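*Asks:* In our numbering, the protein residues as written are 51 to 279.
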Ligand SMILES: CC(C)(COP(=O)(O)OP(=O)(O)OC[C@H]1O[C@@H](n2cnc3c(N)ncnc32)[C@H](O)[C@@H]1OP(=O)(O)O)[C@@H](O)C(=O)NCCC(=O)NCCS
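Shown next as structure tokens:
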């Protein structure tokens with residue numbers, strides 16, 4: 051495994067083990083892993099014929115990570131297609147999530163055979179870069195979130211909030227086929243758990259969703275993960 055991948059893999063595994071998240075299969079890949087990787091023709095059809103070179107690489111990174119995470123569970127030759135909301139479609143008895151950023155692909159998967167029932171997962175990787183302007187923070191965050199951002203490390207905290215919101219979007223959207231906006235998710239940081247508590251209150255939703263999103267720094271990235279049992 052390439053040095054950066056190894057670093058990210060170790061950091062995420064350590065954190066997952068510390069936080070007593072149920073057993074999951076994690077894979078981190080980069081472009082070196084694509085040398086011997088071939089998409090299944092049905093997976094290739096998930097890509098638009100007009101897909102850019104970057105989009106093709108990102109898609110491959112995600113599928114290569116997913117394949118590796120599944121192989122570790124002795125699930126070989128799986129074909130991971132795309133659902134109607136762009137979500138990955140996992141083999142029966144398996145659930146998972148994919149993220150790709152900056153030439154890195156990460157997948158986390160859980161299988162019924164691991165002895166713990168996980169019905170859904172959401173992960174996200176964001177790079178800590180200063181492309182975000184402070185005046186735009188209120189477009190994505192509000193109230194207590196903005197207060198927390200303004201207390202210290204504004205840029206990193208803003209990126210943590212965005213990453214956590216993307217992760218929970220993947221979880222809730224793929225489980226319940228529900229969409230919501232950034233500001234409809236309210237996050238509250240729990241330093242002890244290194245996690246955000248989330249609450250999603252959307253006008254059209256009859257129920258309120260809540261839970262934890264674990265979020266931590268990982269080299270020059272922020273990684274977020276949440277799941278539903
Ligand atoms: C779907 C979305 C969350 C992806 O996040 P991103 O940071 O752009 O990209 P990532 O690399 O982290 O993730 C991409 C992968 O997520 C997965 N994904 C895409 N849509 C998904 C969905 N609806 N549900 C679950 N997973 C999804 C796919 O595997 C995708 O990779 P692939 O297309 O190569 O298979 C984002 O693009 C999006 O549309 N967000 C909704 C917009 C919004 O308002 N979000 C509010 C958050 S509260």
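Heads up, the beta-carbon is just placed ideally off N, CA and C, and yes, glycines get one too.
Since this is a predicted model, take the numbers as computed values, not measurements.
Figure out for me which residue from 122, 59, 137, 53 has the closest Cα to the Cα of residue 226.
*Replies:* Cα-wise, what sits closest to residue 226 is 137.
*Asks:* Three-state secondary structure (DSSP) at residue 61?
*Replies:* If DSSP states are grouped into helix, strand and coil, residue 61 belongs with the helices.
*Asks:* For residue 61, which residues of its own chain have a beta-carbon under 6 Å away from its beta-carbon, when the five flanking residues on both sides are left out?
*Replies:* The residues are 268.
*Asks:* Could you please go through the chain and list the residues whose beta-carbon is closer than 5 Å to any non-hydrogen atom of ligand 1?
*Replies:* Result: 109, 112, 135, 136, 137, 138, 148, 149, 150, 174, 215, 216, 219, 220, 223, 224, 232, 235.
*Asks:* Please classify residue 76: does DSSP put it in a helix, a strand, or coil?
*Replies:* Correct three-state label for residue 76: strand.
*Asks:* Mind checking residue 191: buried by the 16 CB within 10 Å criterion, or exposed?
*Replies:* Under this definition residue 191 is a buried residue.
*Asks:* Quick check on residue 175: does DSSP put it in helix, strand or coil?
*Replies:* Strand at residue 175.
*Asks:* Where does the unbroken alpha helix (DSSP H) through residue 153 begin, and where does it stop?
*Replies:* Unbroken run through residue 153: none, as it is neither H nor E.
*Asks:* Can you name, in chain order, every residue of its own chain whose Cβ lies under 8 Å from the Cβ of residue 281, other than the five neighbours on each side?
*Replies:* Because residue 281 is not part of the residues shown, which for the chain are 51 to 279, the question remains open.
*Asks:* May I ask which residues mark the beginning and end of the beta strand (DSSP E) holding residue 187?
*Replies:* Where residue 187 is concerned, there is no enclosing beta strand (DSSP E), although the alpha helix (DSSP H) it sits in stretches over 187-190.
*Asks:* Could you say if the stretch 84-104 and the stretch 126-143 meet the contact criterion of at least three C-beta pairs nearer than 8 Å?
*Replies:* Touching, per the Cβ criterion.
*Asks:* Using CA coordinates, which residue listed in 135, 141, 274 is at the minimum distance from residue 119?
*Replies:* Closest by alpha carbon: 141.
*Asks:* Output yes or no for whether 8 Å exceeds the beta carbon distance between residue 155 and residue 114.
*Replies:* Yes.
*Asks:* Can you list, in chain order, the residues of its chain whose CB lies under 8 Å from that of residue 168, leaving out five sequence neighbours each side?
*Replies:* Cβ within range, chain order: 72, 74, 145, 160, 277, 278, 279.
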